[in-house]
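Notes follow once the structure below has been shown.
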Amino acid sequence: MKNSKQKKQQGFTLIELMIVVAIIGILSAFAVPAYQNYTKKATLSEFPKAAAAAKLAVELCAHENASNETTFISECVKEENGIPAKFVLNNIEISVVKATDASVSGAIAVIAAADEVKGPIAKGEQYIMAASYKTQGLEWGASCKAGGKAQTDYCPN
Numbered sequence: 137m138k139n140s141k142q143k144k145q146q147g148f149t150l151i152e153l154m155i156v157v158a159i160i161g162i163l164s165a166f167a168v169p170a171y172q173n174y175t176k177k178a179t180l181s182e183f184p185k186a187a188a189a190a191k192l193a194v195e196l197c198a199h200e201n202a203s204n205e206t207t208f209i210s211e212c213v214k215e216e217n218g219i220p221a222k223f224v225l226n227n228i229e230i231s232v233v234k235a236t237d238a239s240v241s242g243a244i245a246v247i248a249a250a251d252e253v254k255g256p257i258a259k260g261e262q263y264i265m266a267a268s269y270k271t272q273g274l275e276w277g278a279s280c281k282a283g284g285k286a287q288t289d290y291c292p293n
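Here it is as structure tokens:
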């Protein structure tokens, strides 16, 4: 007679596999939004660099042509006194406008907006640097907008 031995089964049970899938699902529920904010913040970090030339032009204009906030606004928004016209750099549209036109506080705003979809950034999302005229110099603040709403989760400061 033959001796027959049963082979021991190897592998994972169905319940063990379901537990692993549930754990992965829970972890990804936290990781995916955090990763999306990370990639948006990384992409938006290009915007202040792209707008640096316009910001410098506004600072220079304020130093040379402005004696108060009224002259600062009147002299440093138009396309003269070193202020550049609207331009596009690396698919980022840069413009200098009155802060009231950008719905932000301050006197003048330098707006960097996505000219087209740029990775996780939608067309039209904005990084806004607003300058207020002070006797000791300009005071800058930064904010982000997407679809007309303020975005704080991924806005670089």
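Per my numbering, the sequence shown runs over residues 137 to 293.
Beta carbons: idealized from backbone N, C-alpha and C, even for Gly.
Are at least three pairs of beta-carbons, each pair with one atom in the segment 174-194 and one in the segment 244-252, less than 8 Å apart? Three or more pairs of CB atoms, one per stretch, sit closer than 8 Å, so the segment 174-194 contacts the segment 244-252.
Burial state of I162 (16 or more Cβ within 10 Å): Under this definition I162 is an exposed residue.
From K259, I151 and G218, residue whose alpha carbon lies closest to that of A198: The shortest C-alpha to C-alpha distance from A198 to any of K259, I151 and G218 is the one to G218.
If I264 and K281 are in contact, beta carbons under 8 Å, what's the gap, nearest whole angstrom? Indeed, because the Cβ distance is near 7 Å, the residues count as touching under 8 Å.
C-alpha gap between F208 and S241, whole angstroms: About 15 Å.
Nearest-angstrom Cα distance between V232 and Q287? Cα-Cα distance, rounded: 20 Å.
By the 10 Å Cβ neighbour count, where 16 or more other Cβ atoms means buried, how is V200 classified, buried or exposed? The question names Val, but residue 200 is Glu in the sequence shown. Classification of E200: exposed, given that the 10 Å Cβ count is below 16.
Are there 16 or more other CB atoms within 10 angstroms of the CB of F166, so buried, or fewer, so exposed? With fewer than 16 other Cβ atoms from the protein chains shown falling within 10 Å of its own Cβ, F166 counts as exposed.
A258 in three-state terms, based on DSSP: In the three-state DSSP reduction, A258 falls in the coil class, being neither helix nor strand.
Go ahead and pull the three-state DSSP assignment for E152. Shown here, E152 sits in a helix according to DSSP, grouped into three states.
What do you reckon, are the CB atoms on L180 and Y269 nearer than 8 Å? Using a Cβ distance threshold of 8 Å, L180 and Y269 do not count as a contacting pair.
Does the separation of the CB atoms of K254 and N293 fall below 8 Å? No, the pair does not count as a contact, with Cβ atoms beyond the cut-off.
Tell me the rounded alpha-carbon separation between K259 and S210. Within the model, the alpha-carbon separation for K259 versus S210 is close to 30 Å.
What number of angstroms, rounded off, separates the C-alpha of K185 from the C-alpha of I230? Computed Cα separation, rounded: 11 Å.
Where the alpha helix (DSSP H) through A94 begins and ends: There is no way to answer for residue 94, as the model of the chain reaches only from 137 to 293.
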